[in-house]
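Everything on this sheet refers to the single structure shown next.
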Amino acid sequence: METDDATLAQVALDGWEDLAGLDVLVGQLLEAPTSTHGLRRALRGLRREIGVFQAHRAGCEDLPERITARRVQLGGGSRLLPGFVNIDIIPPADVIFDVREGLPIVDGETEFIFAEHFLEHIDYPVSVKRVIAECYRVLQPDGQLVLGVPDAGMIIDAYVDSDPDIRERMMEEWYANRDDRAHFNTYLDLVNYVFRDQDDSDRYTPHLWAYDLDKLVSLCAEAGFRKVEPWPHDPTIANPDRAWGSVYTVAYK
Ligand SMILES: C[S@@+](CC[C@H](N)C(=O)[O-])C[C@H]1O[C@@H](n2cnc3c(N)ncnc32)[C@H](O)[C@@H]1O
Numbered sequence: 000m001e002t003d004d005a006t007l008a009q010v011a012l013d014g015w016e017d018l019a020g021l022d023v024l025v026g027q028l029l030e031a032p033t034s035t036h037g038l039r040r041a042l043r044g045l046r047r048e049i050g051v052f053q054a055h056r057a058g059c060e061d062l063p064e065r066i067t068a069r070r071v072q073l074g075g076g077s078r079l080l081p082g083f084v085n086i087d088i089i090p091p092a093d094v095i096f097d098v099r100e101g102l103p104i105v106d107g108e109t110e111f112i113f114a115e116h117f118l119e120h121i122d123y124p125v126s127v128k129r130v131i132a133e134c135y136r137v138l139q140p141d142g143q144l145v146l147g148v149p150d151a152g153m154i155i156d157a158y159v160d161s162d163p164d165i166r167e168r169m170m171e172e173w174y175a176n177r178d179d180r181a182h183f184n185t186y187l188d189l190v191n192y193v194f195r196d197q198d199d200s201d202r203y204t205p206h207l208w209a210y211d212l213d214k215l216v217s218l219c220a221e222a223g224f225r226k227v228e229p230w231p232h233d234p235t236i237a238n239p240d241r242a243w244g245s246v247y248t249v250a251y252k
């Protein structure tokens, strides 16, 4: 494609306001036959972030000041929890907000925060530590933060033991319906996908960091939580499909 100076100037001037110009440019580069695989990968990531940025800004306009929320879910996606303020960067959340920028909630009044299969999708350490610190800020004394993530410890143990049952169950429960299933033909592929799942996805944010019980405990303790312990999977709150292969903790402020 041809991009003249005027187009680039337009992107620089107008694009920063709503990033629409940059989005168009990225779209054109993605379509261009001369673009390389590596460039397209980077552009897909940029396009995703432009979308998140635009959604976040629109969400901020809908929410001029911090809210009070007794129960909060972060990163619930389409699993809205009744009685919770559901915060995500995509609809149908109650509040559209990029939580890497903090939580749009007042200090010290929240009783319970729930976040499941979310933490591994944001960057460690900067955003992960910021989100947990923000959870600490908004919780009331004795308030609880429940975190659930894919259990990297379980998968690494299973890899070391060459456990055929876990391998089969992972394939069935996590990858059976995926169109990239053909690429999982060794145990190490399964280990890799805990760390890097959806690495090249157009739609989803990839896994950026892996967690086990120790890591969740350490993160919450570092943020100031006075007690952190395993949380027994409660299907009235948590996704029943996540019961197997996940590790959950509850941290008390
Ligand atoms: C794998 S989904 C998990 C959905 C649901 N919790 C579950 O267990 O089925 C991860 C969710 O985190 C959300 N998410 C990722 N990054 C986010 C961010 N920076 N701010 C808010 N939500 C985010 C995504 O939009 C997505 O809905």
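For the sequence shown, numbering that gives the first Met the number 0 assigns the number 252 to the last residue and increments by one with no breaks. Every residue, glycine too, gets a C-beta built ideally from N, C-alpha and C.
Per-residue DSSP class, three states only, for residue i
i    : result
F194 : helix
G14  : Annotation note: pLDDT 49 at G14 (below 50); position unreliable, no value reported.
V54  : The sequence given here places Ala at residue 54; Val does not occur at that position. In the structure shown, A54 sits in a helix (DSSP, three-state: H, G or I).
I121 : coil
K128 : helix
G142 : strand
G244 : coil
E1   : Because E1 carries a pLDDT of 45, less than 50, the predicted location of this residue cannot be relied on, and no value is offered for it.
P268 : Lying outside 0 to 252, the shown extent of the chain, residue 268 is not represented and no answer is given.
G147 : strand
R70  : strand
P314 : Past the boundaries of the shown model lies residue 314; the chain is included only from 0 to 252, so the question cannot be answered.
Between the CA atoms of residue j and residue i - distance to the nearest angstrom
i    : j    : result
Q139 : F117 : 22 Å
L29  : R39  : 6 Å
V51  : L42  : 14 Å
D156 : D150 : 10 Å
G152 : I95  : 32 Å
R69  : L79  : 15 Å
I104 : V137 : 6 Å
V10  : P205 : Annotation note: pLDDT 49 at V10 (below 50); position unreliable, coordinate value reported separately. Their Cα atoms are separated by approximately 28 Å.
P91  : R225 : 34 Å
E167 : R180 : 13 Å
A220 : V227 : 7 Å
V216 : V190 : 22 Å
K252 : P239 : 26 Å
M0   : T35  : Its pLDDT being 41, under 50, M0 is placed unreliably in this model, and the value from its coordinates should be taken loosely. The straight-line gap from Cα to Cα measures roughly 13 Å.
E60  : P163 : 51 Å
R202 : L18  : 19 Å
I236 : P124 : 27 Å
F183 : R129 : 34 Å
V84  : S200 : 28 Å
8 Å Cβ cutoff met for residue i and residue j
i    : j    : result
V25  : R47  : no
Y247 : P234 : no
R241 : E119 : no
I112 : L144 : yes
G74  : D87  : yes
G107 : S245 : no
V71  : L218 : no
D97  : L207 : no
D93  : I49  : no
Y158 : Y192 : no
Y135 : G223 : yes
F194 : A175 : no
E171 : W243 : no
E110 : G82  : no
Proximity test, residue i beta-carbon vs ligand 2 heavy atom, cut-off 7 Å
i    : result
R202 : The model depicted lacks ligand 2 and carries ligand 1 instead.
Classification of residue i by the beta-carbon crowding that lies within 10 angstroms, buried from 16 upward
i    : result
E133 : buried
A250 : buried
D196 : buried
T2   : Residue placement at T2 cannot be trusted, given a pLDDT of 47 that sits under 50; what the coordinates show is reported in the next sentence. The residue is exposed, with fewer than 16 neighbouring Cβ atoms inside 10 Å.
Original post:
Closer than 6 Å from C-beta to any heavy atom of ligand 1: which residues, in chain order?
Top reply: G74, G75, G76, R78, D87, I88, I89, D97, V98, R99, E115, H116, F117, H120, I121, T204, N238 and R241
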